[in-house]
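Asks:
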Amino acid sequence: MFDTDIYSVNVGPVHPSTHGGLHAEAIMNGEIIEDVIVHLGYVHRSVEKIAEGKTYQQYVPYTARLDYLATNLPVMGYCQTVEKLLGIEIPERAEYIRVIMAELSRIASHQIAVAATGIDLGATTGLMYAMRDRERIMDIFAMTGGQRLLSSYIRIGGVAADIPEGFIPAVNDIVNDIPKMMDEYNDLLTGNEIWGARMKGVGVLKAEDAIAYGVTGPNLRASGISYDLRKAEPYSIYDRFDFVVPTRNSGDSLARWQVRIEEIGESGRIIKQALDGMPEGEIKGKVPKNLKPEAGAEVYHHIESSKGELGYYIVSDGGAKPYRLHVRAPSFINLMVLPLISRGGVFQDIITNIATLDPILGESDR
Amino acid sequence: MTETDVKVLASELKSQYGDNLNINADRFFTKLLVDKVKLLDLMQLLHDKYGFNQLSNLTSVDYGEEFEMVYHLYSIPENIKICVKTRIPRNMPEADSLITIWPAADWQEREVYDLMGIRFNGHPNLIRVLLPDDFDGHPLRKDFVRKG
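Chains A and B supply the protein sequences, listed in that same order. Everything in the first sequence is counted per this note's numbering, starting at 1 for the first residue and increasing by one. Everything in the second sequence is counted per this note's numbering, starting at 1 for the first residue and increasing by one.
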């Protein structure tokens with residue numbers, strides 16, 4: 001037998017598998033992971049402090065940059081929080097457009113998760129397939145908000161403009177192709193033997209740990225807890241749609257991967273129903289020019305983003321700018337279990353675990 | 001449990017904690033304002049007896065002379081929510097850590113320490129989480145001067 005010393009290996013911060021500025025320091029005992037120390041903050045922009053110097057309207061584009069892979073979700077969460085604080089009603093048509101944009105964002109985000117997990121585990125074709133499909137959603141975002149990635153199309157009170165011509169057929173085409181896309185990801189990767197070897201039983205997160213650590217989103221549902229804020233506390237008009245919350249019981253990396261692929265399908269179903277049910281009418285409610293919530297008013301509102309529970313806590317002092325704004329970022333809290341699920345595994349498992357926890361650093365570092 | 005049960009729960013706790021606890025509800029949350037010496041005790045009770053198994057959100061607000069710690073608790077699968085708050089003086093910014101009840105408090109408390117400068121008693125690894133270790137000051141405090 002060889003004696004092994006405890007040594008550390010850095011994963012990131014500059015490494016393709018870290019999805020943009022995550023630094024995980026693996027404490028290794030030979031080939032076995034003793035512990036993982038996560039160093040955050042490489043993309044810290046102090047977005048909470050910035051909020052204190054911006055009006056409620058001015059802050060909208062900053063929220064798009066929290067989760068830049070699912071940009072409509074954090075914007076929708078923020079706008080809804082402000083609307084809740086001020087009691088602003090938004091028109092039906094805007095609600096439907098928001099749901100369509102939010103679910104398209106969720107699909108795009110999960111496609112990135114599929115793509116990134118693919119490339120991280122050496123399956124470059126997986127990356128190409130998912131990115132190709134995602135590009136069609138980016139085209140929709142460019143159509144509505146004028147830009148692919150960071151469109152602040154959702155605004156306080158509704159959306160910035162009505163949907164353009166060609167929007168509905170284009171979205172319909174995407175939705176109709178979703179089952180085919182899912183089959184392709186599954187045929188290419190899910191059943192693959194090497195894929196299974198890298199994913200099955202790797203990074204197991206038990207249900208009780210998931211809850212205790214505050215893990216939410218697909219990561220929680222892959223541990224057997226059917227908890228989705230769109231069902232548990234339906235916001236917007238989510239109570240009108242028929243969809244299921246996919247879950248798995250094994251809590252391993254494969255389960256997290258499978259839950260995300262199934263969620264793509266469910267989002268497709270929601271979009272289809274929203275397209276069918278969308279009424280004509282206004283796209284923006286009555287919003288005062290100067291937004292000034294009453295002094296001392298505060299609100300905590302959360303939505304189911306593609307990464308989990310995305311919450312905003314806003315305190316007002318009666319002025320035009322938030323007195324305090326806090327973002328409850330799912331990626332930040334989900335990453336907390338990285339050491340827990342990696343301990344006892346082998347080095348390569350860290351890469352799998354980061355990929356299947358699917359953090360977005362813009363949000364975790366804020 | 002339903003939202004009405006949350007109100008019953010709040011009044012039960014009020015009779016137990018007396019002057020150390022005040023209830024304040026708005027249209028979104030039932031808020032328990034607890035004295036900081038009773039915080040850990042109350043949180044343990046909410047977790048063990050009332051089933052609030054998820055510490056969803058933990059943050060702080062700077063009110064000048066005092067800081068306010070804000071906790072949003074949820075119960076899965078009961079699907080109920082409650083907000084707990086405690087005030088701590090600026091000249092002694094310390095609160096009890098909740099890490100033994102909910103491990104979710106770990107990084108969230110480190111974040112509050114990092115950005116607001118509140119220390120958590122009983123936290124095993126209270127170091128900065130977002131800013132560099134040699135950073136001077138706590139940016140979310142109202143007296144922090146922004147540059148640039």
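Don't be surprised by glycine CBs; every beta carbon is placed ideally from N, CA and C.
1) The beta strand (DSSP E) that contains SER56 (chain B), what's its start and end?
2) What are the residues that DSSP puts in a beta bridge with SER305 (chain A)?
3) Threshold first: 3 residues or longer. Then list the beta strand (DSSP E) segments lying entirely within the region 16–52 of chain A, N to C.
4) Quick test of the definition: if touching needs 3 or more C-beta pairs under 8 Å, does the region 104–124 of chain B touch the region 44–61 of chain B?
5) With DSSP collapsed to three states, give me the class of ALA25 (chain B).
6) Could you say if the region 166–184 of chain A and the region 209–225 of chain A meet the contact criterion of at least three C-beta pairs nearer than 8 Å?
7) Quick one: which unbroken alpha helix (DSSP H) runs of 4-plus residues sit fully inside the region 224–276 of chain A? Chain order, please.
8) Should SER151 (chain A) be labelled buried (16 or more other beta-carbon atoms within 10 Å of its own) or exposed?
9) Using beta-carbon positions only, say whether PRO77 (chain B) and TYR227 (chain A) come within less than 9 Å of one another.
10) Taking C-alpha atoms, which residue in A:GLY311, A:VAL82, A:GLU89, A:HIS15 lies nearest to GLU294 (chain A)?
11) Our contact map puts GLY126 (chain A) next to LEU69 (chain A) with C-beta atoms below 8 Å; I'd like the distance itself, whole angstroms only.
12) Going by CA-CA distance only, name the one from A:LEU291, A:LYS289, A:GLU48 that's closest to ARG324 (chain A).
13) Taking the DSSP output, what are the residues bridged to VAL34 (chain B)?
14) When DSSP builds the beta bridges, which residues end up paired with GLU66 (chain B)?
15) Identify, in the order they occur along the chain, each residue of the same chain with its Cβ nearer than 6 Å to the Cβ of ASP114 (chain B), setting aside the five sequence neighbours on each side.
16) Starting from the Cα of ALA102 (chain A), find the closest Cα among A:ASN72, A:ALA123, A:GLY118 and give me that residue.
17) Let me know if TYR7 (chain A) comes out buried or exposed under the rule of 16 or more other beta-carbons within 10 Å of its beta-carbon.
18) Does the beta-carbon distance from THR63 (chain A) to LYS321 (chain A) come in below 9 Å?
19) So, is THR352 (chain A) buried or exposed, given that buried needs 16 or more other C-beta atoms within 10 angstroms?
20) By DSSP, does ASP134 (chain B) sit in helix, in strand, or in coil?
21) Out of A:VAL11, A:HIS23, A:ALA24, A:ASN29, which has the shortest C-alpha to C-alpha gap to ASP5 (chain A)?
22) Looking at the C-beta of ILE90 (chain A), does it have a partner C-beta in chain B at a distance below 9 Å?
23) Could you check which residue in A:VAL43, A:PHE141, A:ASP35 has the C-alpha nearest to that of PHE332 (chain A)?
24) Strictly below 7 Å CB to CB, what residues from chain A border GLN54 (chain B)?
25) Secondary structure at ARG198 (chain A), three-state DSSP: helix, strand or coil?
26) Excluding the five sequence neighbours on either side, which residues of its own chain have a C-beta within less than 8 Å of the C-beta of ASP67 (chain A), listed in chain order?
27) Within this structure, are the beta carbons of PRO89 (chain B) and GLU111 (chain B) separated by less than 9 Å?
28) Checking 9 Å against the spacing of the C-beta atoms, do TYR78 (chain A) and TYR312 (chain A) come in under that value?
29) Which residue from A:ALA130, A:ALA94, A:ILE163 puts its Cα closest to that of LYS284 (chain A)?
30) Less than 8 Å between the CB atoms is what I'm expecting for ARG366 (chain A) and ALA329 (chain A), so what's the real figure, rounded?
31) Closer than 7 Å, Cβ to Cβ, to anything on chain B: give me those residues from the region 29–53 of chain A, in chain order.
32) From what residue to what residue does the beta strand (DSSP E) around GLU94 (chain B) run?
33) For PHE241 (chain A), which residues from the same chain have a beta carbon less than 8 Å from its beta carbon, with the 5 sequence-adjacent residues on both sides left out?
34) Determine the direct distance from the alpha carbon of ARG256 (chain A) to that of ASP96 (chain B), and round the result to whole angstroms.
35) Residues in the same chain with beta-carbon distance under 6 Å from VAL259 (chain A), minus the five sequence neighbours each way, listed in chain order, please.
36) With H, G and I counted as helix, E and B as strand and the rest as coil, what does DSSP make of GLY146 (chain A)?
Replies: Reading off the structure:
1) Here the beta strand (DSSP E) through SER56 (chain B) covers 54–62.
2) Paired residues: none, contrary to the question.
3) If we require 3 residues or more, the beta strand (DSSP E) runs fully inside the region 16–52 of chain A come out as 23–29, 32–39.
4) Taking 8 Å as the limit for Cβ pairs, the verdict is that the region 44–61 of chain B does touch the region 104–124 of chain B.
5) In this structure, ALA25 (chain B) counts as strand in the three-state DSSP scheme.
6) No: fewer than three Cβ pairs fall under 8 Å.
7) As far as the region 224–276 of chain A is concerned, its whole alpha helix (DSSP H) runs of at least 4 residues are 229–232.
8) Per the 10 Å Cβ criterion, buried.
9) In this structure, TYR227 (chain A) lies closer than 9 Å to PRO77 (chain B) by Cβ.
10) With distances taken between Cα atoms, GLU294 (chain A) lies closest to A:VAL82.
11) For GLY126 (chain A) against LEU69 (chain A), the beta-carbon gap comes to about 16 Å, at or over 8 Å, which does not count as contact.
12) Checking every option, the nearest Cα to that of ARG324 (chain A) belongs to A:GLU48.
13) DSSP lists B:LEU21 as the beta-bridge partner residues of VAL34 (chain B).
14) Under DSSP, GLU66 (chain B) shares a beta bridge with B:PRO89.
15) Closer than 6 Å at the Cβ level, and outside the excluded window around ASP114 (chain B), lie ARG128, VAL129, LEU130, LEU131.
16) Measuring C-alpha to C-alpha distances from ALA102 (chain A) to each of A:ASN72, A:ALA123, A:GLY118 identifies A:ASN72 as the nearest.
17) TYR7 (chain A) should be labelled exposed.
18) No; because the gap between Cβ atoms is not below 9 Å, this pair is not in contact.
19) That one is buried.
20) It is coil, neither helix nor strand.
21) Across the set A:VAL11, A:HIS23, A:ALA24, A:ASN29, the C-alpha of A:ASN29 shows the shortest separation from the C-alpha of ASP5 (chain A).
22) Not one chain B Cβ lies under 9 Å of ILE90 (chain A).
23) Residue A:VAL43 is the option with its Cα nearest to PHE332 (chain A).
24) Correct list: ILE211, GLY214.
25) For ARG198 (chain A), the secondary structure class from DSSP, reduced to helix, strand or coil, is helix.
26) Within its own chain, the residues whose Cβ lies closer than 8 Å to the Cβ of ASP67 (chain A), once the five positions on either side in sequence are excluded, are LEU73, PRO74, SER109, SER305, SER306, LYS307, LEU310, SER331, ILE360, GLY362, GLU363, listed in chain order.
27) Not closer than 9 Å, so no.
28) Cβ atoms of TYR78 (chain A) and TYR312 (chain A): closer than 9 Å.
29) The candidate whose alpha carbon is nearest that of LYS284 (chain A) is A:ALA94.
30) In this structure ARG366 (chain A) touches ALA329 (chain A) by the C-beta definition: roughly 6 Å separates them, less than 8 Å.
31) So the close ones are LEU40, GLY41, HIS44, SER46, GLU48, LYS49.
32) Segment 94–96, the beta strand (DSSP E) holding GLU94 (chain B).
33) Taken in chain order, the residues that qualify are VAL99, ARG269, ILE270, GLN273, ALA274.
34) Roughly 34 Å separates the two Cα atoms.
35) So the qualifying residues of the chain are PRO218, ARG221, ALA222, PRO246, ARG248.
36) The answer is coil: DSSP assigns GLY146 (chain A) none of H, G, I, E or B.
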